[in-house]
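Residue 0 is where the sequence shown starts when you use numbering that gives the first Met the number 0, and the numbers rise one by one after that.
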Amino acid sequence: MPFYGGSELGKVYDDALEDGFGLVASNVAETNVMMGLMEGASRENSDLLMQLSGGACSFAGNGDAVSGLKAMGNYIEVIADQYDIGVFLNMDHQTDMEFIEAQMDLGIPSSIMIDASHEAFEENVATSKEVVEMKEEKGADVLIEAELGQIKGVEDEIEAEEAFYTDPEQAVEFVDRTGCDLLAISVGTQHGVAKGKDLELRPDLAHDIRQALRDHGLDTPLVLHGSSGVQPDQLQEMLQHGICKVNKDTRYQYEYTRTAYDHYREDHEAIVPPEGVEDARDTFFNETEWSPNKDVFDPRVVGRKIRDRVADVHADLTHVSGSAGRSRYR
Numbered sequence: 000m001p002f003y004g005g006s007e008l009g010k011v012y013d014d015a016l017e018d019g020f021g022l023v024a025s026n027v028a029e030t031n032v033m034m035g036l037m038e039g040a041s042r043e044n045s046d047l048l049m050q051l052s053g054g055a056c057s058f059a060g061n062g063d064a065v066s067g068l069k070a071m072g073n074y075i076e077v078i079a080d081q082y083d084i085g086v087f088l089n090m091d092h093q094t095d096m097e098f099i100e101a102q103m104d105l106g107i108p109s110s111i112m113i114d115a116s117h118e119a120f121e122e123n124v125a126t127s128k129e130v131v132e133m134k135e136e137k138g139a140d141v142l143i144e145a146e147l148g149q150i151k152g153v154e155d156e157i158e159a160e161e162a163f164y165t166d167p168e169q170a171v172e173f174v175d176r177t178g179c180d181l182l183a184i185s186v187g188t189q190h191g192v193a194k195g196k197d198l199e200l201r202p203d204l205a206h207d208i209r210q211a212l213r214d215h216g217l218d219t220p221l222v223l224h225g226s227s228g229v230q231p232d233q234l235q236e237m238l239q240h241g242i243c244k245v246n247k248d249t250r251y252q253y254e255y256t257r258t259a260y261d262h263y264r265e266d267h268e269a270i271v272p273p274e275g276v277e278d279a280r281d282t283f284f285n286e287t288e289w290s291p292n293k294d295v296f297d298p299r300v301v302g303r304k305i306r307d308r309v310a311d312v313h314a315d316l317t318h319v320s321g322s323a324g325r326s327r328y329r
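Next up, the structure:
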């Protein structure tokens, strides 16, 4: 079925808050990752939330982010029609107001994450509120996610040198003043590869933020960014405290490249001529006895392996996050 807008995504988050599970929000920069995610989610009867960053849109659009969003949005809609789970799209870490307005006008994403967390509190409030008001003026069927507190690591071109934890009372003020639908909080996670180190997570802080919001009548779903390296038991503890959306990006990037690397390394002699044979790729080895093996170098061969690996990884993550078996649409 075609992927859904914000009103339907909001219902999924309502279910998640009530039942204590979350959606793994999976970044997509290449179509084999997208197809693998759909297959993995469908296999486990889980609704699927994909994400596009501005950089991913620009990559897909040959430097034009709007063109890339149109191309990827159409691709997602066509392939989603093959499955009977709910498919959603979030725009991750958006900072360009003109691009955000274009997203609303196109009606492609289900939700948009405005990231002004690198600004001072008042500027963050003002910018986030502006996006919420834009949505309301346009009547756009999108949810608005905002972020309070900075997270160590790199988010496209935004870098925070230090990690700042989100203050519970400030979170209440922020949600109340901006009207955001979801709040990304900083509780000790990192963006990027965690290098095997134990992360200094603060599940107690997530609990305090959740409780402070509820005490003020705000049942706002919380978001965990930078979950690379967060272990399953740590993640499951966070999900009990109102975390309904958990971002994953670096893991899929690694699985993509590692799968391709393993494939070509295992059969390198089918791709690279052996010692003593001229590397005559410009003439495609017309004058050599050796020739490469298309059964190995055809990009569709490794593409299928990448899809299968991403599907397996995402399928496992749906069990960790608790979304397996919970699709609203099957």
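Cβ atoms here follow ideal geometry from the backbone N, Cα and C, with glycine treated the same way.
If we require 3 or more residues per run, which beta strand (DSSP E) segments fall completely within the stretch 163 to 193?
Taking only runs of at least 3 residues, the beta strand (DSSP E) segments lying wholly in the stretch 163 to 193 are 181 to 184.
How big is the Cα-Cα spacing for H206 and E265?
Their Cα atoms are separated by approximately 47 Å.
Taking F296 as the reference, give the member of V312, R306, H267 with the closest Cα.
The option with the nearest alpha carbon to F296 is H267.
For L105, which of helix, strand or coil comes out of DSSP?
The answer is helix: DSSP assigns L105 an H, G or I state.
Helix, strand or coil for V245? Go by DSSP, reduced to three states.
Note: V245 maps to strand in three-state DSSP.
So what does DSSP say about P76, is it helix, strand or coil?
One point to set straight first is that residue 76 is Glu, not Pro, in the sequence displayed. In the structure shown, E76 sits in a helix (DSSP, three-state: H, G or I).
Just to check, is the beta-carbon of A70 closer than 6 Å to a non-hydrogen atom of the ligand HEM?
Annotation note on the ligand HEM: not contained in the displayed structure, which lists no ligands.
Is L212 buried or exposed, if buried means 16 or more other CB atoms sit within 10 Å of its CB?
The residue in question, L212, is buried, as its Cβ has 16 or more Cβ neighbours within 10 Å.
With DSSP as the reference, label S226 as helix, strand or coil.
The answer is coil: DSSP assigns S226 none of H, G, I, E or B.
For A101, which residues in the same chain have their Cβ closer than 7 Å to its Cβ, ignoring the five residues on either side in sequence?
Once the five neighbours on either side are set aside, the close Cβ partners of A101 are V65.
Starting from M49, follow its DSSP beta bridges and name the residues at the other end.
Note: M49 sits in a beta bridge opposite S25, L88.
CB-CB under 6 Å to V312, same chain, minus the five flanking residues each way: which ones, in chain order?
Within the same chain, V312 has close Cβ partners E254.
Would you mind sorting H262 into buried or exposed? The rule is 16 or more other CB atoms within 10 Å of its CB.
It is buried - the Cβ of H262 has at least 16 other Cβ atoms within 10 Å.
I'd like to know if the stretch 126 to 136 and the stretch 166 to 185 are in contact, where contact means that at least 3 CB-CB pairs between them fall below 8 Å.
Touching, per the Cβ criterion.
What residues are listed by DSSP as bridge partners for S110?
According to DSSP, which records beta bridges pairwise, S110 is partnered with N89, L142.
I need the DSSP call for L8, collapsed to helix, strand or coil.
Reduced to three states, the DSSP call for L8 is helix.
Where DSSP assigns a beta bridge to L238, which residues make up the other side?
Note: L238 sits in no beta bridge, so no partner.
Out of curiosity, what's the CA-to-CA distance linking R325 and S290?
Approximately 50 Å between the Cα atoms of the pair.
Looking only at its chain, what residues have a beta carbon closer than 8 Å to the beta carbon of G106, apart from the 5 residues adjacent to it on each side?
Cβ within range, chain order: G4, A139, D140.
By DSSP, does L316 sit in helix, in strand, or in coil?
Helix.
Could you give the DSSP three-state label for L212: helix, strand or coil?
It is helical.
Spatial neighbours of M34 within its chain, please: CB distance less than 7 Å, with the 5 preceding and 5 following residues excluded, ordered by chain position.
Closer than 7 Å at the Cβ level, and outside the excluded window around M34, lie I78, R306.
Check whether the stretch 88 to 101 touches the stretch 52 to 60, counting contact only when three or more Cβ pairs, one atom from each stretch, lie closer than 8 Å.
These segments touch.
Are G19 and S320 touching if we call contact CB-CB under 7 Å?
In this structure, S320 does not lie closer than 7 Å to G19 by Cβ.
Would you mind sorting E122 into buried or exposed? The rule is 16 or more other CB atoms within 10 Å of its CB.
Answer is exposed; the Cβ neighbour count stays below 16.
For G85, is the classification buried or exposed, using 16 other Cβ atoms within 10 angstroms of its Cβ as the cut-off for buried?
Burial call: buried.
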